[in-house]
Every structure is written in C-alpha cells, then in structure tokens.
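Working notes for the structure below.
Chains as they are written, first to last, in my numbering: chain H, 672 to 927; chain V, 672 to 927.
The following block contains the structure:
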C-alpha cells in the first residue's frame, strides 16, 4: 500500500543502551533514527531502497544539519517527522522534526540527498522515477526553522588531531563507511567534559567522497567561534599517497 | 501494570543502517537488541532499572553467550524472547531465543546477571527485592539448546594485536564502557574477508572489571581451534601502570 500522506511520522525510543553518561540519547543514534525515518518515508511512498536497488539506483546522503534544543532522556518515546521540501533533477531536500509524545520540540533537521546509479556512480534524474511522482509529496507548509547547511570554510591552520583505522563495524550495506560513523568519530574528538558542560546545539556534515574499509581517516580540527569547531576528514587509501577529503563538519556547542 | 507472563517477547527490525556489507544484521546491534529485551522484560515485571536506580541498585551483565545459525537480513522483523531460567542469591540466569516472524530460529543466548549496590559496588541479594518475587517468573520448560559460557582459558602465547583509546561514544549511562562496545571492538579485530567467508557462529564474553572513559584498552588474541579465537581485553588507567583484565571473549566462526 502506497502512503499518500506527505509527512511521515515514526516513533522511536531513547533506548538506555543508546544514551550517554548524562542519560540523554546519543547524537549518533539520533542521526541513525532520522536516517531510518527517511528510509521508511521513501519506502512507504515507493521510492525506497528495496525498489531502487533492483533497478541499480540508490539514495546517497549529501548533507545533513541537525539542530537541537534538548535531547530525549532514557526510555522517552519520541517522534521523527520527515517530509520532502523540494525535489529537482538531481537533489531532494528532506526535512525532519523531532518531537516528544507531550509535544516537546527537541529539534529539527535538514538534509540533501542525491540519487545515483550503483554501477556507474553517476547522478540520476529523480523526476524520472515513477513519472516524477515525488513531486506529489512535496510539502512546503510545515515549518523547519533552522538554517540550511552552509559551506564549511576551513583554513590551512586546521590541526591533525586524530588518525583512525576503519574496521568491520564502520562499513555499511554498500561497503562504504557508514554515514553515522563519521558523526560518532567526530564527536569522539571531544573530551567527556565537553558533554558535561555544554549542549551539542548544532551539527552539520557534508559528504564529499566515499571511503571504504581499510582506509585510514585523518581528522583535522579548527576552532571557528566560541565553542564552534570545523572538522575536515580525509582518507588515505592503501598504497595511495594522496589524501582525499571525505567529509567536512561543523559542530556548535552552547552552555548547558 | 505488572506483566505476569514468564516469557517476554519483543519485536525488532534489522534496520538497514544496522546491517553489514553482506546485508545481515550486525552482531553488536543484535547484542544491543537482546540487552534491550532483557531490560524491557525486567522492567515489565517490576525489576527494571527505573525501579532499581532510585534504591541505588543496578543490574550488571556478568556473562553473555550468543550462538547463531543465521542472521536476519535488512528490513526483516524478528522477535527476541527472553526469560529467567534460574535465580539464586547473587545471580540470575537469563536466556534468549531469536526467532523470525515466519518461525525461523536464528539463534539463542544465555546470560548471567548480578545485582549490585551503585554506591558500595557490592553484590545485592536478588531474592530480597519484592520479597523474592523473581522466583515466580522462573521458566524452566522453554528450551535454550546452546552451551553455557565456559571459562575461557588463555595461555601466555596470546599476542597484543590492538590498543584502543576509549571515547565519548564508548561510555554508557553508568559512565562505564558500554557492554556492546567491547563486542564491537573484538569483532573489529578481524578483517572484512573473515565475514565474507565465515559465519560468526558463537560469541561469548565474561565481564571481569569495569573500564571507564580515558582508559586505554589492550586486546590480546590467541587462536584456540579452527576459526576459534580467544581474546583478553585489559585496561590501562591514566597514571596507573598495572594492566587490569576487563573482559575475556571466545569467538567461533564456521564456513558460511
């Protein structure tokens, strides 16, 4: 049954083993729930991976920005609402709202997705799927009052602060490093005291190139404002000397 | 409402972002779902963390053995059944069965839990909670046809093969390294080809001592049979020279 509602609403729970030492939902798991909601939403409307994969196409997350006012505490149930704000030839903009059962608004998200051919890795025209049916699902009235991802600017002052080998658990169903794992690795750059004293207010990430199992990841960090940090992640493939940028992030903390 | 059924049944889904490159549920996430089921089961019967924590008590996972015949593929829904096989003064034995919607038996688990005082860290008499009510939930008829955890024997031949810093995302609500993270780190010791060619048949882990954020973890590995490996994890706390064992695991792969 194809869903006709434009907005998808999915319930999740801040599982205790997915919470941090402050007993709030870990940001990486929140990101994971949002990607799940996106996946369910597109699947329920005929644009999901189970439809796309057999025709050699897949969604690729290009940008993601999440801004939170507060985080669900352990055992709290919450909803992730998601909808498509716009769709052009090669990109769709998908929004998120994270809301408690009691109406508490925890935060919002904005994301950009491309569709690619899994064999040629070339961008695919989204409007050619089901005769452009995605247009029927565009929702422009629902508010998502956070800024879009911006271009994260970094200077040559950024310092290499961590080098990481990638492992089995980093790899997703497509054989690439899992989108959420980058987020977790970036948040692992900060000491526990950062999370004791500050709230992670906003996280944005732009995915530039895919990395694979066995690649070494380098993390470069630059302070760009008060409790605001920009991070560049590069990969070093085996037997290849050139460092290639895989993603770029901006993280903003505020006093808790 | 207190649940009177002895066996708890909880449904989960092999979420696509929790699957590996073979499109099967990652073992760490399976372990996480099982711990969730245990948590829900004890909570539904009045022995959960939300009841125990205010009276300064908590469950501590002491041993876990999981044996699988196959793993759910992405998007598959499955059930985790869990029940208490026995309870004595300081320990309960909790079993698990992992079953598909169509009745496919994916595997089983056996675990041992202690209850401790969160302030003194001393073992607590489980039979003193709710006047020994846990005895009413003991289920001895349901089958769990796998071997219990054994004492994992290791010689001095075990080789140090990885040293790891612990980070924010490794830490659980109690401030300790998350039980599932040890499992993931152990599975990350093996190359991708191991998972291409073999099925992870059995995993057992005994938790010996807690480790904390900032500890360095050393992983020692010894081959103990055909595609069978024993792993000892030790911690090195900051400014302390002595290496202390935190857990011991045994991993058995079979030809897929």
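Every residue gets a Cβ at the ideal spot worked out from N, C-alpha and C, and that includes glycine.
Because the structure is a prediction, the values reported are computed rather than measured.
Between residue 727/V and chain H, is there a C-beta pair that is closer than 9 Å?
no
Using a Cβ-Cβ cutoff of less than 6 Å, which residues in the same chain neighbour residue 677/V once the five nearest sequence positions on both sides are dropped?
754, 808, 810
Quick one, which of 757/H, 792/H, 831/H, 740/H has its alpha-carbon nearest residue 777/H's?
740/H
Should residue 672/V be labelled buried (16 or more other beta-carbon atoms within 10 Å of its own) or exposed?
exposed
Three-state secondary structure (DSSP) at residue 673/H?
coil
Which residues of the segment 679–708 of chain V have a Cβ closer than 7 Å to any Cβ of chain H? Give them in chain order.
686, 687, 688, 690, 691, 692, 694, 697, 699, 703, 706, 707
Delimiting residues of the alpha helix (DSSP H) encompassing residue 707/H
698–715
How many angstroms separate the CA atom of residue 913/V from the CA atom of residue 914/H?
38 Å
If the criterion is Cβ atoms closer than 9 Å, does the pair residue 842/V and residue 863/H meet it?
The answer is yes: Cβ separation under 9 Å.
Residues near residue 831/V by beta carbon distance below 8 Å, same chain, minus five either side:
889, 890, 891
With a 10 Å radius around its C-beta and 16 neighbouring C-beta atoms as the bar for buried, classify residue 775/H as buried or exposed.
exposed
Round the Cβ separation of residue 711/H and residue 681/H to the nearest angstrom and send it over; I've been treating them as touching at under 8 Å.
6 Å
Proximal chain H residues relative to residue 720/V, where beta-carbon distance stays under 9 Å:
687, 745, 746
Give me the Cβ distance between residue 780/H and residue 762/H, rounded to the nearest whole Å; I'm assuming they're in contact under 8 Å.
Contact doesn't hold; Cβ gap of about 16 Å is too wide.
Below 8 Å, how does it come out for the segment 784–791 of chain H and the segment 819–829 of chain H: are there three or more Cβ pairs, yes or no?
The segment 784–791 of chain H is not in contact with the segment 819–829 of chain H.
Residue 788/V - DSSP class collapsed to helix/strand/coil:
The answer is strand: DSSP assigns residue 788/V an E or B state.
Can you tell me which residues form a DSSP beta bridge with residue 830/V?
In DSSP, residue 830/V forms a bridge with 892/V.
Would residue 838/V pass as an interface residue toward chain H - the criterion being a Cβ-Cβ separation below 9 Å?
yes
Quick one: Cα of residue 772/V to Cα of residue 700/V, how far?
19 Å
Expressed to the nearest angstrom, what Euclidean distance is found between the alpha-carbon atoms of residue 880/H and residue 690/V?
21 Å
Along the segment 846–875 of chain V, what residues have a CB closer than 7 Å to any CB found in chain H?
846, 849, 851, 855, 858, 859, 861, 863, 866
For a cutoff of 9 Å on Cβ pairs, would you count residue 884/H as touching chain V?
yes
Check distances from the C-beta atoms of the segment 759–774 of chain H to those of chain V and list, in chain order, the residues that come in under 7 Å.
none
Tell me where the alpha helix (DSSP H) around residue 870/V begins and ends.
Here residue 870/V belongs to no alpha helix (DSSP H); instead the beta strand (DSSP E) covers 869–878.
Beta-carbon spacing of residue 861/V, residue 921/V below 9 Å
no
Identify which residue in 827/H, 757/H, 835/H, 825/H has its Cα closest to the Cα of residue 798/H.
757/H
For a quick check, are the C-beta atoms of residue 905/H and residue 848/H less than 9 Å apart?
no
Kindly indicate which three-state DSSP category residue 687/H falls into: helix, strand or coil?
helix
Roughly how many angstroms lie between the CA atoms of residue 909/V and residue 750/V, to the nearest whole one?
42 Å
Contacts of residue 842/H in chain V (Cβ-Cβ under 8 Å)
Those within 8 Å of residue 842/H in chain V are 691, 692, 863.
Can you give the Cα-Cα distance for residue 684/V and residue 707/H, rounded to whole angstroms?
11 Å
Do residue 804/V and residue 719/V count as a contact pair if the criterion is CB distance below 9 Å?
No, they are not a contact pair.
Taking the straight line between their C-alpha atoms, what separation do you get for residue 815/V and residue 692/V?
29 Å
Against chain H, does residue 710/V count as a neighbour if the rule is that its beta carbon must be under 9 Å from one of theirs?
yes
Just confirm the distance between the C-beta atoms of residue 723/V and residue 729/V, as a whole number of angstroms; I'd bet it's less than 8 Å.
6 Å
Going by DSSP, what residue range makes up the beta strand (DSSP E) through residue 733/H?
DSSP places residue 733/H in the uninterrupted beta strand (DSSP E) bounded by 728–739.
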